[in-house]
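Participant:
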Amino acid sequence: MIDEKQVRDLLAKVPYPGFTRDIISFGIVKAITIGSEIKVQLVVSTNETGVGAKLRSSVEQALKELPGKPPISVLVDVQAPVQSSGQGPTSIEGVRRVIAVASGKGGVGKSTVAVNLAAAFAAQGLKTAICDCDLYGPSIALMCGTSERPYADEAGKIIPVESHGLKLMSLGLMLDDDSPAILRGPMVTRYTQQFLRDVAWGDLDVLVLDLPPGTGDIQLTIVQTVALYGVVIVTTPQEVALIDARKAVTMFKKTNVPILGIVENMACFIAPDGSRHEIFGSGGGAREAERLQVPFLGSLPLDPAVRIAADAGFPIVLSDPANPASLKIMEIAGNLS
Ligand SMILES: Nc1ncnc2c1ncn2[C@@H]1O[C@H](COP(=O)(O)OP(=O)(O)O)[C@@H](O)[C@H]1O
Ligand SMILES: [Mg+2]
């Protein structure tokens, strides 16, 4: 006699098309009925054609392993994803403020600033989550010291992981290793929209979004989908970074996202002998903020301790709150909340 667990165990090996997650943990298996035949009912919400057929054939294939090869019937109910009502960005249920952290260029410390800002909000008593929206170079989980994977509940909602008092989610985490390369244009848009709606964020004061560098599909989708409280732009002080920061500011202004201000990162290095070294120049962030008529939020020092803390998965504001970078980030967070 075949029991439900045997069927469930086999279904737990079937990945959702394009993902590494299996269909059980995705929460799309609605019913399993054992009788003269084995009936499996799936409910998926997608606009993508072919997903239903793919699922049916991979479930049928997987269930061939059942002893005695009983007849299998697979019913896939494909529903169109719920569209947000009306046009334009909407708020995320239960989330008071969504703050995006953006930059024109990669490697300027955007993720570092995003994680530390989130940790600073949490340290100030705010219920905080951080979402890594950088599909092509996710780093938030690493910087928060976790490799735990989120799972989906019965209703198909994704439950974020927790670390250092922060809820954590990563856009890239639900995709398999090959997907980012092929995920372009309309697919990025659809995936990003669905993702942001499908996470069970719970009740939050602040949701920090670590955006990918630049002004591409993901940034545009996010500003068109989610009503942002505002965006923080991270730059380093030198001209090449400032040029790109300017482009980012322009894009957000055009899409009516409030610019909360510019953070200048890696501004000056203080050597062990106390001497100051302005490796990427100085004052660029403040000058640019003035030129663009947006607030200047502050300048963070270049300090190996910041990098070491990030690599160790323990944001500096938590591991060394007395560090000048930590003090500055706490001050910036205080001004934003
Ligand atoms: N103020 C800083 N001092 C020292 N290292 C830093 C600082 N900010 C960032 N870093 C390091 O620089 C590297 C790039 O930072 P990251 O936050 O990943 O940049 P981005 O997200 O903009 O690509 C990381 O190794 C990070 O630890
Ligand atoms: Mg990054």
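Read in order, the letters of the sequence shown are residues 151 to 487 in the numbering used here.
Where is the CB? At the ideal position from N, CA and C, for every residue including glycine.
Taking the alpha-carbon of Val376 as reference, which of Pro408, Thr385, Val399 has the nearest alpha-carbon?
Facilitator: Closest option to Val376, Cα to Cα, is Pro408.
Participant: Are the beta-carbon atoms of Ile482 and Gly448 separated by less than 8 angstroms?
Facilitator: Contact: yes.
Participant: Report whether the distance from the Cβ of Asp360 to the nearest heavy atom of ligand 2 is below 7 angstroms.
Facilitator: Correct: Asp360 has its Cβ closer than 7 angstroms to ligand 2.
Participant: Which first and last residues belong to the beta strand (DSSP E) in which Leu216 is found?
Facilitator: That residue, Leu216, is in no beta strand (DSSP E); it is neither H nor E in DSSP.
Participant: Just to confirm, is the Cβ distance from Val248 to Tyr379 under 8 angstroms?
Facilitator: Yes, they are a contact pair.
Participant: Run the proximity test for Lys260: is its beta-carbon closer than 7 angstroms to any non-hydrogen atom belonging to ligand 2?
Facilitator: Under cutoff, so the answer is yes.
Participant: Which residue's Cα is closest to the Cα of Val373: Ser487, Met401, Trp351?
Facilitator: Checked all of Ser487, Met401, Trp351; the closest Cα to Val373 is Met401.
Participant: Taking the alpha helix (DSSP H) that Glu312 falls in, what are its first and last residues?
Facilitator: Segment 311-313 is the beta strand (DSSP E) holding Glu312; no alpha helix (DSSP H) there.
Participant: So, is Asn485 buried or exposed, given that buried needs 16 or more other C-beta atoms within 10 angstroms?
Facilitator: The residue in question, Asn485, is exposed, as its Cβ has fewer than 16 Cβ neighbours within 10 Å.
Participant: Check whether the Cβ atoms of Thr371 and Ala398 lie closer than 8 angstroms to each other.
Facilitator: No, these two residues do not count as a Cβ contact at 8 angstroms.
Participant: When you compare only the Cα positions, how much space is there between Val194 and Arg437?
Facilitator: Val194 and Arg437: Cα-Cα distance of roughly 51 angstroms.
Participant: Can a CB atom of chain D be found closer than 8 angstroms to the CB of Gly259?
Facilitator: Here there is only one protein chain, and chain D is not present.
Participant: Excluding the 5 residues preceding and the 5 following Pro220 in the sequence, name in chain order all residues of the same chain whose CB lies nearer than 6 angstroms to its CB.
Facilitator: Contacts found: Ile188.
Participant: Please report the distance separating the alpha-carbon of Ser235 from that of Ala459.
Facilitator: Any reading at Ser235 needs caution, since the residue's pLDDT is 49, under 50, leaving its predicted position unreliable; the model's value is listed next. When rounded, the distance between both Cα atoms is 43 angstroms.
Participant: Extract the residue ranges of the beta strand (DSSP E) inside the segment 242-329, only unbroken runs of 3 or more that lie entirely within it.
Facilitator: Counting only runs of 3 or more, we get 245-253, 278-282, 311-313, 316-320.
Participant: Extract the residue ranges of the alpha helix (DSSP H) inside the segment 396-476, only unbroken runs of 4 or more that lie entirely within it.
Facilitator: Qualifying alpha helix (DSSP H) stretches, in chain order: 434-442, 454-461, 466-469.
Participant: Would the C-beta of Ser449 count as close to ligand 1, meaning under 7 angstroms from any of its heavy atoms?
Facilitator: Because no heavy atom of ligand 1 lies under 7 angstroms away, the Cβ of Ser449 does not count as near it: no.
Participant: Lys204 bridges to which residues according to DSSP?
Facilitator: Partner(s): none; Lys204 has no beta bridge.
Participant: Please identify the residue among Gly218, Asn197, Gln211, Gly177 whose C-alpha is closest to the C-alpha of Pro300.
Facilitator: Pro300 has its Cα closest to that of Gly177, out of Gly218, Asn197, Gln211, Gly177.
Participant: Buried or exposed for Val390, going by 16 or more other Cβ atoms inside 10 Å?
Facilitator: The residue in question, Val390, is exposed, as its Cβ has fewer than 16 Cβ neighbours within 10 Å.
Participant: Buried or exposed for Met151, going by 16 or more other Cβ atoms inside 10 Å?
Facilitator: It is exposed - the Cβ of Met151 has fewer than 16 other Cβ atoms within 10 Å.
Participant: Any heavy atom of ligand 2 closer than 7 angstroms to the Cβ of Asp172?
Facilitator: False, no ligand heavy atom lies under 7 angstroms from that Cβ.
Participant: Label Lys214 either buried or exposed according to how many other C-beta atoms from any shown protein chain fall within 10 Å of its C-beta, with 16 as the threshold for buried.
Facilitator: Burial call: exposed.
Participant: Going by beta carbon distance, what residues of the same chain come within less than 8 angstroms of Asp153, once the five residues before and after it are set aside?
Facilitator: Once the five neighbours on either side are set aside, the close Cβ partners of Asp153 are Ile184.
Participant: Evaluate Arg158 with the Cβ neighbour count: other Cβ atoms within 10 Å of its Cβ, from every protein chain shown; 16 or more gives buried, anything less gives exposed.
Facilitator: Answer is exposed; the Cβ neighbour count stays below 16.
Participant: Just to confirm my understanding: we take Cys283, look at its own chain, exclude 5 residues before and 5 after, and list those with CB closer than 7 angstroms. What are they?
Facilitator: Leu321, Leu359, Asp360, Leu361, Pro362, Ile368, Ile372.
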